Amino acid sequence: MSSLKQGEFVGSLDCGTTSVRFIVFDQYANIVSQHQQEFPQYYPNPGWHEHDPEEIQQVSEACIAHTCEKLEEAGWAKESVKVIGITNQRETTIAWSRTTGKPLCKAIVWTDSRTKNIVAHFEHVLATTGLEVEFGQFKRGDEGVEALRDITGLKLSTYFSAIKLRWMIDNHIEVQKAHGEDDLLFGTLESWVVYNLTGGVYGGIHVGEVTNASRTLLLNLHKLTWDDRLLRFFGFRRSILPKLVSSSEVYGHLSHGPLKGVPIGGLVGDQQGALVGNKCLRQGEAKCTYGTGAFLLFCTGKDIVKSGHGLLSTVAYQPGPGADPVYALEGSIGVAGSAIKWLRDSMGFIKSASEINTLAASVPDTGGVYFVTAFSGLLAPYWDPGAAGLLIGLSSYTTPAHIARATMEANAFQTRAILESMKLDSSTELKYLMVDGGMTNGDVCMEMLADIGGFDVVRPDMRESTALGSALLAGSALRLFGWDILKPTTLAQVNTKGSRTFNPQMPEEDRERGWTTWLRAVERSKGWDEGVDD
479 MSSLKQGEFV
489 GSLDCGTTSV
499 RFIVFDQYAN
509 IVSQHQQEFP
519 QYYPNPGWHE
529 HDPEEIQQVS
539 EACIAHTCEK
549 LEEAGWAKES
559 VKVIGITNQR
569 ETTIAWSRTT
579 GKPLCKAIVW
589 TDSRTKNIVA
599 HFEHVLATTG
609 LEVEFGQFKR
619 GDEGVEALRD
629 ITGLKLSTYF
639 SAIKLRWMID
649 NHIEVQKAHG
659 EDDLLFGTLE
669 SWVVYNLTGG
679 VYGGIHVGEV
689 TNASRTLLLN
699 LHKLTWDDRL
709 LRFFGFRRSI
719 LPKLVSSSEV
729 YGHLSHGPLK
739 GVPIGGLVGD
749 QQGALVGNKC
759 LRQGEAKCTY
769 GTGAFLLFCT
779 GKDIVKSGHG
789 LLSTVAYQPG
799 PGADPVYALE
809 GSIGVAGSAI
819 KWLRDSMGFI
829 KSASEINTLA
839 ASVPDTGGVY
849 FVTAFSGLLA
859 PYWDPGAAGL
869 LIGLSSYTTP
879 AHIARATMEA
889 NAFQTRAILE
899 SMKLDSSTEL
909 KYLMVDGGMT
919 NGDVCMEMLA
929 DIGGFDVVRP
939 DMRESTALGS
949 ALLAGSALRL
959 FGWDILKPTT
969 LAQVNTKGSR
979 TFNPQMPEED
989 RERGWTTWLR
999 AVERSKGWDE
1009 GVDD
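Residue numbers for the sequence shown follow our numbering, beginning at 479 and rising by one.
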């Protein structure tokens, strides 16, 4: 007889931009077992960023297997894992064959900006032909742009999946042929991973979860349905699309591996997962996750708030099939932790990412240096794909420490820019911001964020909020531990170990002077690539 203990745990597969991890949580969000593994990044041309979908799948399954081994080493039977959730990098676009189940090309990652000409083409279509809105009527020009936003909550941008898929069809003969022959399956990362975990070409399910679908430019945000007008606008067959599902329900079961037979009960885009994991489930609560990029979500409850200041309207989560969705305003920063990686790998200023805190703390300020980290243009609230990275204020006095500090300040300034827009859109003054992600481990970075933003920054002790969000949604689908996303009080015992609050210390005059200078720097970075033919 096995001496392994039987428990009740929930697993979360967190498929990020550079790595995958599988974490097993108990009912209090204590981590019982985990394993993380990086996967290759491909940059074949300037502005391009690709992943191999099969490599992501292999790493995902390896992480599940290694975590189960560690679980048993800790004395727990792997059967203790009762359900798993999946959370994933959003917008990353995958095209595969219905017949073979194999990818037709590499995935185009959310950060990729190769599609600027595709965006320009559809902007021209909106301006001239227009967008069909009802009864065969078309809205053109600014009215067409607003009609697109009214339907999707989004704007035309290289960021979103439909633009990436259109590029694939136009530039990869294999994808074009599959689309023409009705052999194409499209999905964001959760679609691909679930398809493979449930059997792939041998009976795997093709589903797309609504928070991810709300990032494609193909979802009607009000009805939570694929919109035929948008399919016609972009030129896609409906048959390529996955079946839409909520964020919390049993979609299928694992077909193989150490957790064979375990249900998949939660799916959610990583940023919405962090919102749920931080238990920002009520209107007016907000979080920001600082990973490769940084993503700030502000919960707007049952209301879709249309931003007039450069933010996106998105689905925060749908707590079950047919349940009313909860919405959010979102502001996305394309470069956050990846700027620190650039300082480490490309510039050689530091040997490990954590060293940036020591380096930045070695000087009292940036020495007048500002760093607009627009490596792939600027996202919210500026939306300028032609913006370029800009270091300004350099002098013979400047050292790597000043640049390191300016890199960290860039995140704080961009966070403030998003929150200024949210304040205008929602008429709500944010009292505190919940934070998570790798960059939040450094106290110096958090102190800068509080000082430049002028608000309290709350950092939980257990900061795997993205993974926890999908675990909560998965557990809620089975009512495991009595969890119910519809009733936030049922989560009262989850992740209660504590947190640290960083309060603003900078004088208001200094804060506003720095903010004004940052805005000048952003203006100088804008439009650098305008007129450059890719």
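Positions of the beta carbon are idealized from the N, C-alpha and C atoms, including for glycine. Predicted, not measured: the structure shown is a model, and the values here were computed from it.
> Buried or exposed: where does residue 760 fall if 16 or more other Cβ atoms within 10 Å of its Cβ makes it buried?
Replying inline: exposed
> For residue 830, is the classification buried or exposed, using 16 other Cβ atoms within 10 angstroms of its Cβ as the cut-off for buried?
Replying inline: It counts as exposed.
> In chain order, what residues of the same chain have a beta carbon less than 6 Å from the beta carbon of residue 995, not counting five sequence neighbours either side?
Replying inline: none
> Bridge partners of residue 790, per DSSP?
Replying inline: 808
> DSSP on residue 918, reduced to helix/strand/coil?
Replying inline: Here residue 918 sits in helix by DSSP.
>> Give me the residue from 977, 646, 933, 571 with the minimum Cα distance to residue 534.
In response: 571
> Where does residue 966 sit, in a helix, a strand or coil, going by DSSP?
Replying inline: helix
>> What would DSSP say about residue 649, mapped onto helix, strand or coil?
In response: helix
> Contact check, residue 591 vs residue 636 under 8 Å by CB: the rounded distance?
Replying inline: The Cβ separation is near 5 Å, so the contact holds.
> Which whole-angstrom value describes the C-beta separation of residue 852 and residue 867, a residue pair presumed to lie in contact below a C-beta threshold of 8 Å?
Replying inline: 5 Å
> So the alpha helix (DSSP H) residue 880 belongs to, where does it begin and stop?
Replying inline: 878-904
>> Determine, for residue 663, whether the minimum Cβ-Cβ distance to residues of chain B falls below 7 Å.
In response: The structure shown contains no chain B; it holds only a single protein chain.
> Can you give the beta carbon distance from residue 916 to residue 769, rounded, assuming they're within the 8 Å contact cut?
Replying inline: 6 Å
> Curious, which full-length alpha helix (DSSP H) runs of at least 4 residues does the stretch 609-656 contain?
Replying inline: 620-630, 639-649
>> Quick check on the burial criterion: 16 or more other C-beta atoms within 10 angstroms. Buried or exposed for residue 840?
In response: Per the 10 Å Cβ criterion, exposed.
> What three-state label does DSSP hand residue 856 in the structure shown?
Replying inline: strand
>> Cutting at 8 Å between CB atoms, please list the residues of its own chain near residue 783, excluding the five before and the five after it.
In response: Excluding residues within five positions, the ones whose Cβ falls inside 8 Å are 791, 805, 807, 903, 904.
> If you draw a straight line from the C-alpha of residue 863 to the C-alpha of residue 822, how long is it?
Replying inline: Take the alpha-carbon of residue 863 and the one of residue 822: they are about 25 Å apart.
> If you follow the beta strand (DSSP E) that residue 509 is part of, which residue opens it and which one closes it?
Replying inline: 509-516
>> In whole angstroms, give me the CA-to-CA distance for residue 583 and residue 880.
In response: Distance from the CA atom of residue 583 to the CA atom of residue 880, rounded to whole angstroms, is 42 Å.
> CA-CA distance, residue 668 and residue 674?
Replying inline: One C-alpha to the other measures close to 10 Å.
> With 16 other CB atoms within 10 Å as the buried threshold, where does residue 649 fall?
Replying inline: exposed
> Just how far apart, CA to CA, sit residue 816 and residue 659?
Replying inline: 39 Å
> residue 787 and residue 842 look like a contact to me (Cβ under 8 Å); what is the Cβ gap, rounded to whole Å?
Replying inline: Not confirmed; about 33 Å, so no contact.
> In its own chain, which residues sit with a C-beta less than 6 Å from the C-beta of residue 835, not counting the 5 before and 5 after it?
Replying inline: 920, 922
> The beta strand (DSSP E) spanning residue 569 covers which residue range?
Replying inline: Per DSSP, residue 569 belongs to no beta strand (DSSP E) and is neither H nor E.
>> Taking the alpha-carbon of residue 520 as reference, which of 927, 585, 506, 557 has the nearest alpha-carbon?
In response: 585
> Between which two residues does the beta strand (DSSP E) carrying residue 709 extend?
Replying inline: Element bounds for residue 709: not the beta strand (DSSP E) but the alpha helix (DSSP H), 706-712.
> Which of the three DSSP states, helix, strand or coil, is assigned to residue 718?
Replying inline: helix
>> Is the beta carbon of residue 799 closer than 7 Å to that of residue 887?
In response: no
> Going by the CB atoms, is the gap between residue 596 and residue 627 shorter than 7 Å?
Replying inline: No; because the gap between Cβ atoms is not below 7 Å, this pair is not in contact.
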